[in-house]
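Using the working numbering, read the sequence shown as starting at 14 and increasing by one per residue. Beta carbons: idealized from backbone N, C-alpha and C, even for Gly. One structure is given here, and the rest of the page talks about it.
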Amino acid sequence: MPETHSNPLDDPAANPFEVAAIAAADIARLSGVEHHDIALTLGSGWGKAADLLGETVASIPATEVTGFSKPALEGHVGTLRSIRTPGGRHVLVIGARTHYYEGHGVRRVVHSVRTAAATGAKIMVLTNGAGGIQETWSPGQPVLISDHINLTADSPLEGATFIDLTDLYSKRLRDVARTVDASLDEGVYTQFRGPHYETPAEVQMAKRIGGDIVGMSTALEAIAAREAGMEILGFSLITNLAAGIQQTPLSHTEVIEAGREAEPVISALLARVVEAL
Ligand code: 8IG
Numbered sequence: 014m015p016e017t018h019s020n021p022l023d024d025p026a027a028n029p030f031e032v033a034a035i036a037a038a039d040i041a042r043l044s045g046v047e048h049h050d051i052a053l054t055l056g057s058g059w060g061k062a063a064d065l066l067g068e069t070v071a072s073i074p075a076t077e078v079t080g081f082s083k084p085a086l087e088g089h090v091g092t093l094r095s096i097r098t099p100g101g102r103h104v105l106v107i108g109a110r111t112h113y114y115e116g117h118g119v120r121r122v123v124h125s126v127r128t129a130a131a132t133g134a135k136i137m138v139l140t141n142g143a144g145g146i147q148e149t150w151s152p153g154q155p156v157l158i159s160d161h162i163n164l165t166a167d168s169p170l171e172g173a174t175f176i177d178l179t180d181l182y183s184k185r186l187r188d189v190a191r192t193v194d195a196s197l198d199e200g201v202y203t204q205f206r207g208p209h210y211e212t213p214a215e216v217q218m219a220k221r222i223g224g225d226i227v228g229m230s231t232a233l234e235a236i237a238a239r240e241a242g243m244e245i246l247g248f249s250l251i252t253n254l255a256a257g258i259q260q261t262p263l264s265h266t267e268v269i270e271a272g273r274e275a276e277p278v279i280s281a282l283l284a285r286v287v288e289a290l
């Protein structure tokens with residue numbers, strides 16, 4: 014669908030699952046890969062993993078895929094890659110995340126996850142860069158997501174759709190990840206709306222209600238992935254300690270820098286984990 018067209022998801026009458034099915038057909042047509050086994054959303058710091066997973070079969074500008082297209086003014090939305098692993102599995106790598114704080118609504122936020130499910134993927138690997146609440150963690154450290162607290166006051170589910178979220182971040186998959194790196198710690202991901210970082214008081218609130226990680230992306234995507242029947246593995250790269258936990262102000266530049274420094278190590282880890290899934 015050309016970029017100049019409006020996004021079909023913005024039509025309230027559209028069925029988001031039908032739009033995702035059309036997007037999956039676009040991916041099959043443009044990649045020549047009919048079915049994907051695993052999907053991976055690469056957040057900040059995780060980008061290099063794609064190169065290590067296997068042979069890139071196709072690299073598709075997200076603007077070529079239905080529902081990912083945006084009005085021209087908003088700039089690029091990234092790339093979708095179809096990769097064939099040495100083990101012969103097909104991995105869809107999504108380098109095109111839409112954040113809730115962009116204000117396009119939750120349908121746009123979870124479209125990539127629904128599309129991944131429509132391509133056949135049974136496992137959704139969600140990665141992000143995030144703030145750490147646990148004082149024992151350091152910037153550059155990857156941690157597994159064990160559960161989440163959704164503080165966006167929103168849901169990707171529409172209507173009376175009741176979905177069980179027990180074991181949302183699969184214990185089985187976390188155990189697989191720990192066969193690759195037994196030292197991986199885990200924590201509860203707390204999604205704030207953003208795009209501002211938290212106040213120190215909000216970080217203390219998140220800590221008291223059981224949060225270990227603060228971020229702006231993954232919880233809503235995980236809910237949609239579970240609704241679509243996928244098994245979920247979540248990874249946060251701790252790029253900074255959360256506001257008030259670290260003594261210095263948070264800087265987006267430093268966050269990006271921490272991600273860049275950690276990238277080779279965590280990307281290699283992620284590629285090995287995917288091979289083990
Ligand atoms: I990178 O400290 C990154 N993303 N909410 N808080 C929130 N999101 C983040 C943070 C953080 N660091």
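Is M229 near ligand 1, in the sense that its beta carbon is under 7 Å from a heavy atom of that ligand?
The residue given as residue 229 occupies position 216 in the sequence shown. True, at least one ligand heavy atom lies under 7 Å from that Cβ.
Answer yes if the segment 63 to 76 comes into contact with the segment 94 to 103, meaning at least three C-beta pairs across the two stretches below 8 Å, and no otherwise.
yes
For M137, write down the residues that DSSP places opposite it in a beta bridge.
As a position in the sequence shown, residue 137 is number 124, starting the count at 1. Beta-bridge pairing by DSSP links M137 to A52, I245.
Taking 7 Å as the cut-off, is the CB of N253 close to at least one heavy atom of ligand 1?
Start at 1 with the first residue of the sequence shown, and residue 253 comes out as number 240. Flag set: Cβ of N253 near ligand 1.
Have a look at T149, G142, F30 and flag the residue whose alpha-carbon is nearest the alpha-carbon of V123.
As a working mapping, residue 123 is identified with position 110 in the sequence shown. Selected option, being the one with the closest Cα: F30.
Mind listing, in chain order, the continuous beta strand (DSSP E) runs of no fewer than 3 residues lying wholly within the segment 209 to 247?
226 to 228
Counting only C-beta atoms, is F81 closer than 8 Å to chain D at any point?
Chain labels in this structure do not include chain D; a single protein chain is all it has.
Return the residue from the list A130, I136, T54, L290 that minimises the CA-CA distance to A41.
Within the sequence shown, residue 41 is the residue found at index 28, counting from 1. The shortest Cα separation from A41 among A130, I136, T54, L290 belongs to A130.
So, with DSSP's three-state summary, where would you put H161?
Working through the sequence shown from its first residue, we reach residue 161 at position 148. Residue state, collapsed to three classes: strand.
Would you kindly work out how many angstroms separate the C-alpha atoms of R120 and V156, rounded to a whole number?
Counted from its first residue, the sequence shown places residue 120 at position 107. Counted from its first residue, the sequence shown places residue 156 at position 143. Roughly 27 Å between the two C-alpha positions.
Starting from R97 and walking both ways along the beta strand (DSSP E), at which residues does that stretch end?
Position 84 of the sequence shown, counted from the first residue, corresponds to residue 97. For R97, the enclosing beta strand (DSSP E) covers residues 92 to 97.
Pull up the DSSP beta-bridge partners for A143, would you.
Taking the first residue of the sequence shown as 1, we reach residue 143 at position 130. Bridge partners of A143: I251.
Starting from P74 and walking both ways along the beta strand (DSSP E), at which residues does that stretch end?
Locating residue 74 in the sequence shown gives position 61, counting from the first residue. Boundaries of the beta strand (DSSP E) harbouring P74: 68 to 74, taken from the DSSP string.
Rounded to the nearest angstrom, what separates P277 and A62 at their Cα positions?
On the sequence shown, position 264 is the one that residue 277 refers to. On the sequence shown, position 49 is the one that residue 62 refers to. Between P277 and A62, the C-alpha separation is close to 8 Å.
Just verifying my parser: in three-state terms, what is the DSSP assignment at P155?
Counted from its first residue, the sequence shown places residue 155 at position 142. Strand at P155.
Could you check whether the Cβ of F205 sits closer than 7 Å to any heavy atom belonging to ligand 1?
As a position in the sequence shown, residue 205 is number 192, starting the count at 1. Result yes, Cβ under 7 Å from ligand 1.
For L105, does the three-state DSSP call read helix, strand or coil?
For this step, residue 105 is matched to residue 92 along the sequence shown. Note: L105 maps to strand in three-state DSSP.
Where do the N-terminal and C-terminal ends of the alpha helix (DSSP H) with E267 fall, by residue?
For this step, residue 267 is matched to residue 254 along the sequence shown. Element bounds for E267: 265 to 289.
Taking just the CA atoms, how far does S230 sit from I158?
By 1-based counting over the sequence shown, the position of residue 158 is 145. By 1-based counting over the sequence shown, the position of residue 230 is 217. Their backbone Cα atoms lie some 13 Å apart in a straight line.
Quick one: what's V201 bridged to in DSSP?
Here residue 201 is taken as the residue at index 188 of the sequence shown, counted from 1. Answer is D160, bridged to V201.
Compare the beta carbon distance of R127 and A33 with 8 Å and say whether it is the shorter of the two.
Walking along the sequence shown from the start, residue 127 turns up at place 114. Walking along the sequence shown from the start, residue 33 turns up at place 20. Between R127 and A33, the C-beta spacing is below 8 Å.
Buried or exposed: where does D177 fall if 16 or more other Cβ atoms within 10 Å of its Cβ makes it buried?
Indexing the sequence shown from 1 puts residue 177 at position 164. Exposed, because fewer than 16 other Cβ atoms sit within 10 Å of the Cβ of D177.
Considering only DSSP beta bridges, list what A256 is partnered with.
Sequence index remark: in the sequence shown, residue 256 carries index 243 (1-based). Looking at the DSSP assignment, A256 forms a beta bridge with Q259.
Rounded to whole angstroms, what's the CA-CA distance from A214 to E77? Just pull it up for me.
Residue numbering aside, residue 214 sits at position 201 when the sequence shown is read from its first letter. Residue numbering aside, residue 77 sits at position 64 when the sequence shown is read from its first letter. Computed Cα separation, rounded: 43 Å.
Hey, is S292 close to ligand 1, as in C-beta under 7 Å from one of its heavy atoms?
The structure shown does not extend to residue 292, since the chain is modelled only from 14 through 290, so no value can be given for it.
In or out: S57 buried (at least 16 other Cβ within 10 Å) or exposed?
Residue mapping note: residue 57 aligns to position 44 of the sequence shown, counting from 1. Here S57 is buried: its Cβ has 16 or more other Cβ atoms, across all protein chains shown, within 10 Å.
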